[in-house]
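Chains as they are written, first to last, in this note's numbering: chain R, 1 to 249; chain L, 250 to 498.
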């Protein structure tokens, strides 16, 4: 009986760990969470930043008390650091974990040849903290950051996802009990299927992955952020998520 | 044993049915759902409208196939119909179920003496369907309809709630299985406590009522609507709700 069990384990491992190379744009908490998780799953990862020397020189924790990239990298020696351009040249899939206001500039610094046909997983939110708390959105209502990126870079296959929750929860849904939801928005069905497989590898079950439709539906998930920040205040923890309960399902 | 049981039923009925008089502004589905439920619970209800004759003359179903007020009222003979002013003069509590763009005008047509100190339960959303689907919001991001109403009518104690779900679910949460969430926003703690009791009478358990804070948090719940309408499309049913899953609770 035991060799059947081993065979089953090998099959299920293979389903969830198709190795790939990833460019993770952004050296903050979201970038660290994504890069660390992808690397631990056996993928090759290069984190992209505007200026490598500046990133490595940073010594202060961020506003939430998370460590600077150089400290974090000591525990993740397999994760490389390069410019946005270097990371995009390496990565088959690009993950945008920059702040929303820096996203288009980051992608503009990459040559078109290194973007063409690639999936961009867009996790950024267009939050503006310049007027303090609560933040407002730089773009919303009749447009979204996801749409702006897709429009500016038509060569990319943009999939907006994971932007509605805490960074550690993105890559480890079991941190919140029970079923809860991750949304998908994008124009390319094949790209969304690939992203679902990546989400599966993080622990997201298919029944909790909800495809909203084309990239214009990113308006809805980005506009969830004003509620998210108020829930963070009211609940005094970032470790929560939205679940969609549906009658009869 | 049986008279103890009866005694228990009487106590629990009394807890949930402190009778009051309600002015329900708006003759559409949301107004019908709220007025019908409050009336069936034994409350006195007058629905308020801009023009009573116009409302009674309407013969067509709305865009969702719901009946016009005159047809609906045949099944709810205890629910009265009057002008906004007449309804507000009667109601101890006012419930705003108008379309968001009509809300301030409706309240302006009421004399200050009939608003002073009253709770206004604001269920309206500032949706603009003039450009087709998806609707946009007339106000969002750095302001909200809830705040605009509170600012225009400082005599009212505005509590924003129930605006994030289908009308029938508002008054019957059991239509969606399991735990799911209704949000509260408002500056007046006492008013929010009263509204919680009303929500309890509809079937909402305390653990599913989530107080977000002051009326500025209405930005978050109103900005949930762009996601709600896309979920309605993706799920092909309006009978769903958001639940907040929280680690360790």
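Here a beta-carbon is modelled for each residue, glycine too, at the ideal position from N, C-alpha and C.
Give the residues of chain R in contact with residue i, contact being defined as C-beta atoms less than 9 Å apart.
i	result
residue 414 of chain L	In chain order: nothing, as chain R lies at least about 10 Å away.
Just mark residue i as buried or exposed, buried being the case when its beta carbon has 16 or more other beta carbons within 10 Å.
i	result
residue 219 of chain R	buried
residue 363 of chain L	buried
residue 442 of chain L	exposed
residue 61 of chain R	exposed
residue 10 of chain R	Residue placement at residue 10 of chain R is poorly supported in this model, since its pLDDT is 39, which falls under 50; the coordinates are not used for a value here.
residue 63 of chain R	exposed
residue 108 of chain R	exposed
residue 19 of chain R	exposed
residue 164 of chain R	buried
residue 129 of chain R	exposed
residue 382 of chain L	exposed
residue 230 of chain R	buried
residue 320 of chain L	exposed
residue 456 of chain L	exposed
residue 396 of chain L	buried
residue 111 of chain R	exposed
residue 239 of chain L	Because chain L is modelled from 250 through 498, residue 239 of chain L falls outside the range shown and cannot be assessed.
residue 401 of chain L	exposed
residue 248 of chain R	exposed
residue 2 of chain R	Note that residue 2 of chain R scores 39 on pLDDT, short of 50, meaning its location in the model is unreliable; the coordinates nonetheless yield the value given after this. Residue 2 of chain R is exposed by the Cβ-count criterion.
residue 265 of chain L	Low local confidence applies: a pLDDT of 43 at residue 265 of chain L is under 50, so the model's placement there is unreliable, with the coordinate-based value given in what follows. Exposed, since its Cβ has fewer than 16 Cβ neighbours within 10 Å.
residue 284 of chain L	buried
residue 493 of chain L	buried
residue 131 of chain R	exposed
residue 416 of chain L	buried
residue 438 of chain L	exposed
residue 33 of chain R	buried
residue 103 of chain R	buried
residue 254 of chain L	Low confidence applies here, because residue 254 of chain L scores a pLDDT of 41, under 50, leaving its location unreliable and the question unanswered by this model.
residue 150 of chain R	buried
residue 324 of chain L	exposed
residue 106 of chain R	buried
Answer yes or no: the CB of residue i versus the heavy atoms of the ligand NAD, is any distance below 7 Å?
i	result
residue 471 of chain L	This structure does not include the ligand NAD; it has no bound ligands of any sort.
Using the beta-carbon of each residue, which ones in chain L are nearer than 7 Å to residue i?
i	result
residue 230 of chain R	461, 462, 466 and 469
If the cut is a Cβ gap below 8 Å, which residues of chain L does residue i touch?
i	result
residue 76 of chain R	Correct list: empty, because the minimum Cβ distance to chain L is about 24 Å.
Assuming residue i contacts residue j under a Cβ cut-off of 8 Å, what Cβ separation, rounded to an integer in Å, is found between them?
i	j	result
residue 145 of chain R	residue 126 of chain R	4 Å
residue 232 of chain R	residue 181 of chain R	In fact, because the Cβ distance is near 18 Å, the residues do not count as touching under 8 Å.
residue 31 of chain R	residue 47 of chain R	6 Å
residue 222 of chain R	residue 137 of chain R	7 Å
residue 326 of chain R	residue 203 of chain R	Since the first and last residues shown for chain R are 1 and 249, residue 326 of chain R lies out of range.
residue 142 of chain R	residue 495 of chain L	Going by Cβ atoms, the distance from residue 142 of chain R to residue 495 of chain L rounds to 32 Å, so no, they are not a contact pair.
residue 292 of chain L	residue 278 of chain L	Not quite, the Cβ-Cβ distance comes to about 19 Å (not below 8 Å), so this is no contact.
residue 240 of chain R	residue 210 of chain R	Not quite, the Cβ-Cβ distance comes to about 17 Å (not below 8 Å), so this is no contact.
residue 50 of chain R	residue 171 of chain R	About 24 Å; that fails the 8 Å criterion.
residue 476 of chain L	residue 162 of chain R	About 15 Å; that fails the 8 Å criterion.
Using a C-beta to C-beta distance shorter than 9 Å, which residues of chain L count as neighbours of residue i?
i	result
residue 240 of chain R	493, 494, 495, 496 and 498
residue 124 of chain R	Near residue 124 of chain R there are no residues of chain L at all, since even the closest Cβ is about 17 Å away, more than 9 Å.
residue 235 of chain R	459, 493, 495 and 498
At 8 Å on the CB atoms, spell out the chain R contacts of residue i, in chain order.
i	result
residue 385 of chain L	141 and 142
Can you pull the chain R residues whose beta carbon is under 7 Å from the beta carbon of residue i, in chain order?
i	result
residue 476 of chain L	220, 221, 223 and 224
Determine whether the Cβ of residue i lies closer than 8 Å to any Cβ atom of chain C.
i	result
residue 42 of chain R	Included in the structure are the protein chains R and L, with no chain C among them.
Exercise. Using Cβ-Cβ distances below 8 Å, what residues of the segment 452–470 of chain L are close to chain R?
Worked result: 459, 460, 461, 462, 465, 466, 468, 469 and 470
Exercise. Are the segment 118–126 of chain R and the segment 184–198 of chain R in contact at 8 Å, needing three or more beta carbon pairs?
Worked result: yes
For this session: Compile a chain-ordered list of the residues in the segment 430–445 of chain L whose CB is closer than 7 Å to at least one CB of chain R.
Result: none
Exercise. Contact between the segment 267–281 of chain L and the segment 321–337 of chain L: three or more CB pairs below 8 Å?
Worked result: yes
Problem set entry | Residues from the segment 143–177 of chain R in contact with chain L, defined by Cβ distance under 7 Å | 175, 176 and 177
Exercise. So, do the segment 399–418 of chain L and the segment 463–478 of chain L have three or more beta carbon pairs nearer to each other than 8 Å?
Worked result: yes
Exercise. Do the segment 336–346 of chain L and the segment 300–309 of chain L touch if we need at least three Cβ pairs shorter than 8 Å?
Worked result: no
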